[in-house]
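Numbering (the numbering used here), first residue to last: 5 to 476.
Quick notes on the structure that follows.
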Ligand SMILES: Cc1cc2nc3c(=O)[nH]c(=O)nc-3n(C[C@H](O)[C@H](O)[C@H](O)COP(=O)(O)OP(=O)(O)OC[C@H]3O[C@@H](n4cnc5c(N)ncnc54)[C@H](O)[C@@H]3O)c2cc1C
């Protein structure tokens, strides 16, 4: 009898642990062909406002994740087949060449990803083959929730109260090493592209955190966070800080590409609690992961509405498309140090803290009066941890067209800066020119009695203090 062959198509689930697609493929078939396809529509196109859809930081992170995945599969006697092209075509070629009966993959829920999987599914059907979907992005399984996705509560607190105490989180899948197959019969394994192939220059990160892609790094971060540093016990106290590796988990970059499973984090959290005790802080890590599930459910429930200016509330929030003003924000040249330092961090590393994101987003929308979609697309381009539901969900929320039960939430940037960066260490780190200023003026150099020129700042900073009567 011919062996039964399956393709496992890796998408945003670039890991071997807790991978339902691999688990199900191993039950259905004798031979598993793991495949990743670099889709030029994702790596080489532009957003509506003209930013690269996948900026250099995320592109590099994904390349690293693919190298790591390939190495892990090779160490288990298998390999990763790599293609560049439209997944719906490349995968069909492999199905035909190797007489595969099924493709197993993670089901995506946002439009562009759904279009690809729908096209592939259609081709598979017309060829008498089947695309099988699995899950693995969330902590919860939608089937376990006490409501259908379309009835998910629109406010986070209601959602949380309906699930957190009642719905158990499933255990991660155990996937034995002998699941994988020798792929010597495939001659063309395919080359992993370089960053330059996607039109980006190679870069190095000199300041801030240089995140490395891949499941191995993700598992190292789990060990570092939980065991080496035992950081969960103080997460709630540190999570609003701005500088360094330890103030928050930093899991988001690996979660976004699926190098890390949320269920595995939860499993480790529970083990940590049973070993070192639970407290507000350990709970709060779970609480934040619930936000991630919540935004994904909002994406499933409201579909494309999260990507529209009117958001899930269907209300026009206004907002102009002033390119010059937007550019000052995007390049970190507003003259308002707290905003600029955060944007410089994003531009130089592909990461920004949660506190920073809330402030720069609020400032763009509420103070500068810019269309929030411009900011959301800019984040989409640059963030390593970009995730459609978390990014657009949070922008909806901050722009007043999302799930915020508090109408017109407004961040006073100066008081936020003084509260979360009291000595200005964060802004001095990213804008060294501000070192010259006395601490009490570091957040608002334009408000000093002395003129900016007394401190010789103009050359290096502050030429464009954006006027806004509200930001003070
Ligand atoms: C405007 C804006 C855009 C954002 N865009 C993204 C995005 O594209 N991708 C993304 O993963 N997060 C996004 N966030 C949420 C949050 O800022 C990041 O998840 C967090 O800063 C990542 O750092 P961390 O892993 O150290 O988080 P931690 O503080 O350690 O939190 C643990 C985990 O909980 C989840 N989480 C925490 N806060 C949120 C939140 N507000 N929404 C959803 N999940 C959350 C993340 O998975 C995170 O890894 C955005 C927030 C804002 C305000």
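In this text, a Cβ means the ideal position worked out from N, Cα and C, and glycines have one as well.
Remember, predicted model here, so these are calculated numbers, not experimental data.
Going by other Cβ atoms of all chains shown within 10 Å of its Cβ, with 16 needed for buried, is residue 377 buried or exposed?
Per the 10 Å Cβ criterion, buried.
Go through the region 25–51 residue by residue and report every complete run of the beta strand (DSSP E) that reaches 3 residues or more, in order.
Taking only runs of at least 3 residues, the beta strand (DSSP E) segments lying wholly in the region 25–51 are 35–42.
Using a 10 Å radius around the Cβ and a threshold of 16 neighbouring Cβ atoms, would you call residue 232 buried or exposed?
Its Cβ having fewer than 16 others within 10 Å, residue 232 is exposed.
Hey, would you say the C-beta of residue 390 is under 6 Å away from at least one heavy atom of ligand 1?
Within the cutoff, so yes.
Could you pull the DSSP bridge partners for residue 107 from this structure?
The partner list for residue 107 (beta bridge, DSSP) reads 11 and 135.
Quick one: grab the DSSP three-state call for residue 56.
Residue 56 falls in the strand class under three-state DSSP.
Ignore the nearest five residues each way along the sequence and tell me which others in residue 409's own chain have a CB closer than 6 Å to its CB.
Around residue 409: 159.
If the criterion is Cβ atoms closer than 7 Å, does the pair residue 33 and residue 10 meet it?
Taking 7 Å as the Cβ cut-off, residue 33 and residue 10 qualify as a contacting pair.
Residue 297 by DSSP, collapsed to three states: which one?
DSSP places residue 297 in helix when its eight states are reduced to three.
So the candidates are 253, 426, 430 and 18; which of them puts its Cα closest to the Cα of residue 220?
Nearest option by C-alpha distance: 18.
Kindly indicate which three-state DSSP category residue 85 falls into: helix, strand or coil?
The answer is strand: DSSP assigns residue 85 an E or B state.
Using 7 Å as the threshold, is the C-beta distance between residue 417 and residue 185 below it?
Not closer than 7 Å, so no.
Enumerated in chain order, which unbroken segments of the alpha helix (DSSP H) with a length of 4 residues or greater are wholly contained in the region 404–429?
Counting only runs of 4 or more, we get 417–424.
With DSSP as the reference, please indicate the residues paired to residue 374 in a beta bridge.
According to DSSP, residue 374 bridges with 324.
At the 7 Å Cβ level, is residue 274 part of the contact set with chain E, yes or no?
Considering every chain present, this structure includes no chain E. It has just one protein chain.
Consider the C-beta atom of residue 299 and the heavy atoms of ligand 1; say whether any pair is separated by less than 6 Å.
Yes.
Do you know offhand how far residue 211's Cα is from residue 431's?
When rounded, the distance between both Cα atoms is 13 Å.
When you compare each of 204, 321 and 260 to residue 401 by their alpha carbons, which one comes out closest?
Among 204, 321 and 260, the Cα nearest to that of residue 401 is on 321.
Determine the DSSP secondary structure at residue 332, reduced to helix, strand or coil.
Helix, per DSSP.
If we ignore side chains and look at the alpha-carbon of each, how far apart do residue 151 and residue 246 end up?
Whole-angstrom Cα-Cα distance: 37 Å.
Could you spell out where the alpha helix (DSSP H) holding residue 96 opens and where it closes?
From DSSP, the alpha helix (DSSP H) with residue 96 extends over 91–102.
Between the Cα of residue 109 and the Cα atoms of 60, 193 and 24, which residue gives the shortest distance?
The shortest C-alpha separation from residue 109 is found at 24.
Compute the minimum distance between the beta carbon of residue 254 and the heavy atoms of ligand 1, and state whether it is under 6 Å.
Answer for residue 254: yes, Cβ within range of ligand 1.
Measure the C-alpha to C-alpha separation of residue 78 and residue 98 and round it to an integer number of angstroms.
Answer to the nearest angstrom: the Cα atoms are 19 Å apart.
For ligand 1, is there any heavy atom lying closer than 6 Å to the beta carbon of residue 358?
Correct: residue 358 has its Cβ closer than 6 Å to ligand 1.
Expressed to the nearest angstrom, what Euclidean distance is found between the alpha-carbon atoms of residue 444 and residue 342?
Approximately 14 Å, taken between the alpha carbons.
By how many angstroms is the C-alpha of residue 101 removed from the C-alpha of residue 243?
Those two C-alpha atoms are separated by around 50 Å.
Would you tell me roughly how many angstroms separate the C-alpha atoms of residue 90 and residue 262, rounded to the nearest one?
Each residue's alpha carbon lies about 20 Å from the other.
Rounded to the nearest angstrom, what separates residue 47 and residue 441 at their Cα positions?
Using only the alpha carbons, I get a separation of about 42 Å.
Quick one, are the C-beta atoms of residue 187 and residue 82 less than 7 Å apart?
Contact: yes.
Hey, is the region 358–367 in contact with the region 336–350, meaning 3+ C-beta pairs nearer than 8 Å?
With a cut-off of 8 Å, the region 336–350 and the region 358–367 count as touching, because enough Cβ pairs lie within range.
Please state the DSSP three-state secondary structure of residue 263.
Coil at residue 263, not helix or strand.
Determine the direct distance from the alpha carbon of residue 118 to that of residue 92, and round the result to whole angstroms.
Taking the straight line joining both Cα atoms gives about 11 Å.
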